[in-house]
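Data block below; observations after.
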């Protein structure tokens, strides 16, 4: 395209943007009109810096790539592999967030957790001592649990 064609395209896009700015101002107010005006001013800026030509060349290159991709089995194989990879990564994150399949410290993979009196109840762990803090006494927790157990036994629930 020659320079006159690029100028005609720029003027047309700028006029369309000006109309869109006026409509945005009438319907949605000043902030929407300012946004539309900002986008409208970018069109002549792209023409004056010759970026408009570059953008159309990039668009042509992307369109050529997309049309050559349609019938290429190697490209589709790559797309399928990329999708499988993305699904595996997302699934890994989802499982890790739920704690599925995660190793516990000191327990080999495939081994069962200890049961009985030595096992800690689910969701309750012994308080750890941190720097500058004292651990909460375990006796207070045992007293609360003893009260609850006594109440359950009185009600016939064991």
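In this note's numbering, the protein residues as written are 122 to 279.
Yeah, the Cβ is synthetic: ideal placement off N, Cα and C, and Gly gets one too.
Taking a cut-off of 8 Å on C-beta distances, the stretch 153-162 touches the stretch 127-144, as three or more cross pairs fall below it.
For secondary structure counted as the alpha helix (DSSP H) over 4 or more consecutive residues, the stretch 146-192 holds these complete runs in sequence order: 151-169, 172-190. Per the C-alpha coordinates, the member of 131, 194, 207 positioned closest to residue 173 is 131.
Taking a 10 Å sphere around the C-beta of residue 138, we find 16 or more other C-beta atoms and assign the residue as buried. The shortest CA-to-CA distance from residue 170 to any of 218, 128, 269 is the one to 128. Secondary structure at residue 279: coil, using DSSP grouped into helix, strand and coil. The beta carbons of residue 165 and residue 188 sit about 31 Å from each other, so the pair does not count as a contact at 8 Å.
For residue 204, the enclosing alpha helix (DSSP H) begins and ends at 194-219. Taking the Cα positions, residue 207 is about 15 Å away from residue 197. Here residue 264 carries a helix assignment [DSSP, helix/strand/coil].
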